């Protein structure tokens, strides 16, 4: 039931009680008015009867005076009073409703006619000079008729007076009963208004109080998101509770997803930290190996120069070639071993660089997935912001309805204002989460760029190491060739003179190759140092990412899902 329907129903019940009370009072007023009208009519009848008695007494006196004095003025008075009595009889006959009163009035009129006939005979006898006869009529039948008429009229007066007293007593009793019933209706109306108002306020305030408490707990970061509102009403409060429960479900799902993603980010960050640390150690070992290789290549270059000098000395003296050839052969064998060892080291470096490249690609994919998850979190936070806006709009509509209700809606207006404030707080919290997610997305993008740069540098390093491996292979082949040639020189020293030119050219080629190997070794060493710096940056970013993931888990841990 809608709140508007509840309010209309409550006021309808109160108005029904008031209408019943008013209807009863109206009926009572009509009954009392009828009683008053009846009493007034009876009072008028009583007044007319008393007036008629007074007129009849006056007429009797006038008649006696006329009979005693014969004055015509008294005779005129007799005619005037007779006309007044006739008028009173006509008036009373038109207003009588009781059959008993009508019978009494007809009896009085019959006696009055008899009285008039006797009075007329007395006056006529007086007019004819028959004074004794006139006196006989006056004190005879006329007097008897007048006494009977007066008795009937007096009885009617007494009856009317008694009826007036009874009606007045009944009217007073009805007024007392009406007052008591009116007080009862007023008390019932007030009680119904209090009960209906209390139930209405309770049905509105209690759910709003629970919503307010739940929102307050969530705003303070101590919310139990598993506690849903239980509202059985189907009004706007019930709809608000349903929307609130759906918001809690979405928020629980959001918090659960964010918590899971935060744990994944933390695990990935720890794995990235460990991998970057291992890669840094491996890169540092490669740098040491490359440095040693560079030093060995320098020594090889020096040996080649010495060999070249020895070849020049061979040109000066064939006799020294045999002894020198053995020394050169031993040095060449040692150089071949060093070249083989350097080639094997370079192959291991290439394998490690490939592992680093795969690790960087996996790490880039994980961080990219984290960026997508952060975008999903941002979309969910936007939904929460929209729900908060709708809640604020509902609160505004409730405030408008409360303003329309006037004085009766003042309390509801306060509650609507509180709901609006809570909706604004929920929107502000959602904005803070959105800002945090945006910050995570920004740092994730930076981490992706850094790892892409590291992957590119690793790829460049792999190319340099590969080139160094090719150079070592050439050095090894050259040293093997030199060894074979020196052995041939040792076997056939007598042919060295003819081969001195070729040996010089070979030594020159070996020097060039050694110099190229030195240059490549320097490049590999520089690339290795750059890769080590990149690994340190990756390690720092991974540590920062792990710290952010821990902070995010702590923030989410405040909510129970």
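In my numbering, the protein residues as written are 3 to 563. All C-beta atoms in this analysis are idealised placements derived from N, C-alpha and C, irrespective of residue type, glycine included. Fair warning: this is a prediction, and the values are worked out from it, not measured in the lab.
- Counting only the Cα atoms, residue 111 lies some 20 angstroms from residue 65.
- Distance from the CA atom of residue 188 to the CA atom of residue 196, rounded to whole angstroms, is 12 angstroms.
- If you look at residue 88, you'll find it in the alpha helix (DSSP H) that goes 74 to 97.
- Straight-line spacing of the CA atoms in residue 108 and residue 138 works out to 27 angstroms.
- About 4 angstroms separates the beta carbons of residue 429 and residue 390, which is inside the 8 angstroms limit, making them a contact pair.
- Using a 10 angstroms sphere on the CB of residue 507, the tally of other CB atoms stays under 16, which defines it as exposed.
- By the Cβ neighbour-count rule, residue 193 is exposed, with fewer than 16 other Cβ atoms within 10 Å of its own.
- Across the set 340, 483, 528 and 412, the C-alpha of 528 shows the shortest separation from the C-alpha of residue 286.
- Counting the other Cβ atoms within 10 Å of the Cβ of residue 543 gives 16 or more, which makes it buried.
- Going by DSSP, residue 118 is part of the alpha helix (DSSP H) stretching over 101 to 129.
- For the pair residue 550 and residue 386, the CB atoms are not nearer than the 8 angstroms cut-off.
- When only Cα atoms are considered, residue 190 and residue 19 end up about 8 angstroms apart.
- In the DSSP annotation of this structure, residue 409 is not part of any alpha helix (DSSP H), being labelled neither H nor E.
- The beta-carbon separation of residue 207 and residue 416, rounded to 10 angstroms, does not stay under the 8 angstroms limit for a contact.
- In terms of Cα proximity to residue 279, the closest of 7, 545 and 552 is 545.
- By the Cβ test, the stretch 62 to 80 is not in contact with the stretch 90 to 98, since fewer than three Cβ pairs between them sit closer than 8 angstroms.
- Residue 201 is not a Cβ neighbour of residue 9, given a cutoff of 8 angstroms.
- Nearest Cα to residue 393 within the set 413, 371, 424 and 384: 424.
- Note that the stretch 168 to 182 touches the stretch 41 to 49; at least 3 beta-carbon pairs, one per stretch, sit closer than 8 angstroms.
- Taking the Cβ atoms as the reference, residue 419 lies roughly 6 angstroms from residue 401, within the contact range of under 8 angstroms.
- Leaving aside the five residues that flank residue 217 on each side, the residues in its chain whose CB is nearer than 6 angstroms to its CB run, in chain order, 424.
- Judged by pairs of C-beta atoms under 8 angstroms, the stretch 145 to 163 touches the stretch 50 to 57, as three or more such pairs exist.
- Across the structure, residue 340 and residue 304 are spaced so that their CA atoms are roughly 14 angstroms apart.
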